[in-house]
Amino acid sequence: SPFNVEPDASSFNQVIRACSAPWTKSTTWSDALNRGRALDIANDAYSKMKAVSRPDAHTYVHMFRALSCLLPPAGTSDEVGLQRLQAYKTVFHSCCIDGQVTKTGMWTMKKGVGVEGFFDLLTEELNG
Numbered sequence: 002s003p004f005n006v007e008p009d010a011s012s013f014n015q016v017i018r019a020c021s022a023p024w025t026k027s028t029t030w031s032d033a034l035n036r037g038r039a040l041d042i043a044n045d046a047y048s049k050m051k052a053v054s055r056p057d058a059h060t061y062v063h064m065f066r067a068l069s070c071l072l073p074p075a076g077t078s079d080e081v082g083l084q085r086l087q088a089y090k091t092v093f094h095s096c097c098i099d100g101q102v103t104k105t106g107m108w109t110m111k112k113g114v115g116v117e118g119f120f121d122l123l124t125e126e127l128n129g
């Protein structure tokens, strides 16, 4: 970096959080292209963070929220529903491995995948 400053967990968390912020209360999908771009940025920040820093509990709450706001709704098609669940599964597995499972993270994930998806994710993670 020309400023001799490296990003820390908080920096990455704020980027991830900013990606979903415009859509936290939106239910319209007329802006799917922009949501897709925002999801790409959030995923990129998350990947880069994992390479240089340890994600914390806030990281996972922000990622679950980003997935919830930026992925197409599960009811769009069976394929979309499976892709959505796979995205949550990947992030949740990392959350468990990193020891960052919190009540807020679980609540945010459950809100994003629904009760049935939530129990599927928990069962799969526990059965490993």
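For what it's worth, my numbering labels the leading residue of the sequence shown as 2, then goes sequentially. A virtual CB, placed ideally from N, CA and C, is assigned to each residue, including glycine.
Where do the N-terminal and C-terminal ends of the alpha helix (DSSP H) with residue i fall, by residue?
i	result
Asp11	Sequence inspection shows Ser at residue 11; the Asp mentioned does not correspond to that position. Unbroken alpha helix (DSSP H) run through Ser11: 10 to 21.
Thr60	58 to 71
Ala33	33 to 53
Ala88	79 to 98
Gly106	104 to 128
Relative to the alpha-carbon of residue i, which residue among the options has its alpha-carbon at the smallest distance?
i	options	result
Val92	Thr77, Ser78, His59	His59
Trp24	Pro8, His63, Ala46, Asn5	His63
Gln15	Lys111, Gly82, Asp57	Asp57
Ala33	Gln87, Thr77, Pro3	Thr77
His94	Asp121, Pro8, Asn35, Val6	Asp121
Check whether the Cβ atoms of residue i and residue j lie closer than 8 Å to each other.
i	j	result
Val21	Arg85	Here residue 21 turns out to be Ser, not Val, going by the sequence shown. Cβ atoms of Ser21 and Arg85: not closer than 8 Å.
Tyr61	Gly106	yes
Ala10	Arg55	yes
Glu125	Cys97	no
Tyr89	Val116	no
Three or more C-beta pairs below 8 Å linking the region 51 to 60 and the region 70 to 80: no
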